[in-house]
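Asker: Sequential numbering from 1 applies to the sequence shown in full-length UniProt numbering. Structure below; questions to follow.
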Amino acid sequence: MEIEEHREYRVEELAEAAGISTRTLRFYRERKLLQPPRREGRIAWYGERHLTRLRMIGELLERGHTLGGITELIGAGENGQDVAGLIGLKAAITAPWSDETPVHLSWAELETAFGDQLTDRNTAESIDQGYITVEEDGITHVSRRLMDATTALVAEGIPLGAVLSASRKAQEYADSVAEVFTSLIRDQLLGALERAEELTPSEAARLTEQVHRLRPLARTVADAQFTLAMDRRVAAEYRAVLEQHL
């Protein structure tokens, strides 16, 4: 009969294997992120489960999770839940919806695009809307598509100030539409999260699959509602123009 060998590590050896400092390891232990070691006199011995835990913490940090959130997930796992399932559910819910590509423009490029409309007021409005960050050599816009649309509208003769005013209103309406969808999903599907401590791995997996299916549906509904609204508004505006000239 073959005897299974279990590797054990001292603090320094475990930290090296996990690619972290001993100070960080002790910090995780103080935060209850690491299981207690096996003690032999004054020596603390750690095993493969500790190394696995440290690697999982590192992976979660790279995904953008906070230590507080990791502590919560690990606590749920130690209460009998499947940590991987909860992590998958959280990732599905909080994953970015946009796939926008940031774009950097130099001051010379901005001057070419906007000329004397590149004022402090318009720049401040763009910053306030959360679209640009100002740097020494220019600006970075969060969305190449929105930046391209802005420059195209200005090129058509629409003042930059008017574009930014419309942008602010559109952002407010978009936030309202997003609130409608998040409320619908929260109230109708994610009520189980109120009892997260009781979620089974299968329930977490089912909710994760639902969230993945609903994301494209929400975008489809929002797009269809917008285009239908444009049809209604354009038709109404056209009738109003005709009535004025008849």
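From the three backbone atoms N, C-alpha and C, an ideal C-beta is built for every residue, glycine too. Small disclaimer: the values here were computed from a predicted structure and weren't measured.
Identify, in the order they occur along the chain, each residue of the same chain with its Cβ nearer than 6 Å to the Cβ of Ser126, setting aside the five sequence neighbours on each side.
Answerer: Ile132
Asker: Rounded to whole angstroms, what is the Cα-Cα separation between Leu207 and Thr24?
Answerer: Annotation: Leu207 to Thr24 spans about 34 Å, alpha carbon to alpha carbon.
Asker: Considering Arg38, what are the terminal residues of the beta strand (DSSP E) in which it resides?
Answerer: Arg38 to Glu40 is the span of the beta strand (DSSP E), which, as asked, contains Arg38.
Asker: Among the candidates Gly58, Glu40, Ala92 and Thr22, whose CA atom is the shortest distance from the CA of Ile185?
Answerer: Ala92
Asker: Quick check on DSSP: helix, strand or coil for Gly64?
Answerer: Reduced to three states, the DSSP call for Gly64 is coil.
Asker: At a cut of 8 Å, does the segment 145-156 reach the segment 107-127 through at least three beta carbon pairs?
Answerer: yes
Asker: Near Leu33, what residues of its chain come up, given a Cβ to Cβ distance below 8 Å and the 5 sequence neighbours on each side ignored?
Answerer: Arg53, Ile57, Leu67, Ile70, Thr71 and Ile74
Asker: Tell me the residue span of the beta strand (DSSP E) that contains Trp45.
Answerer: Note, Trp45: beta strand (DSSP E), Ile43 to Trp45.
Asker: Could you tell me whether the Cβ atoms of Val211 and Arg144 are closer together than 7 Å?
Answerer: Against a cut-off of 7 Å, the Cβ pair of Arg144 and Val211 comes out as no contact.
Asker: Which residue from Phe27, Glu12, His65 and Tyr28 puts its Cα closest to that of Trp45?
Answerer: Here the closest residue by C-alpha is Glu12.
Asker: Can you give me the start and stop residues for the alpha helix (DSSP H) that Ile185 sits inside?
Answerer: Following the DSSP letters along the chain, one finds Ile185 inside the alpha helix (DSSP H) bounded by residues Leu160 to Gln188.
Asker: So what does DSSP say about Tyr28, is it helix, strand or coil?
Answerer: helix
Asker: Tell whether a beta-carbon distance below 7 Å holds between Ile139 and Leu105.
Answerer: yes
Asker: Classify Gly80 as buried or exposed, calling it buried when 16 or more other Cβ atoms lie within 10 Å of its own Cβ.
Answerer: At Gly80, the pLDDT of 49 sits below 50, so the modelled position is not reliable and the matter cannot be decided from this model.
Asker: Look up Ser21 in the DSSP assignment and give the residues it is bridged to.
Answerer: Per DSSP, none; premise fails for Ser21.
Asker: From Ala162, Arg38 and Ala218, pick the residue whose C-alpha is nearest to that of Arg121; which is it?
Answerer: Ala162
Asker: Distance check for Gln171 and Ala17, CA to CA, integer angstroms please.
Answerer: 48 Å
Asker: Around the C-beta of Met230, are 16 or more other C-beta atoms found within 10 angstroms, so that it is buried, or is it exposed?
Answerer: exposed
Asker: Since Val177 and Ala222 should fall inside the 8 Å C-beta cutoff, what is the C-beta to C-beta distance between them, to a whole number of angstroms?
Answerer: 6 Å
Asker: If you count every other CB in all the chains shown that lies within 10 Å of the CB of Lys169, and 16 or more means buried, which is it?
Answerer: exposed
Asker: Could you compute how far the alpha carbon of Glu109 sits from the alpha carbon of Gln129?
Answerer: When rounded, the distance between both Cα atoms is 21 Å.
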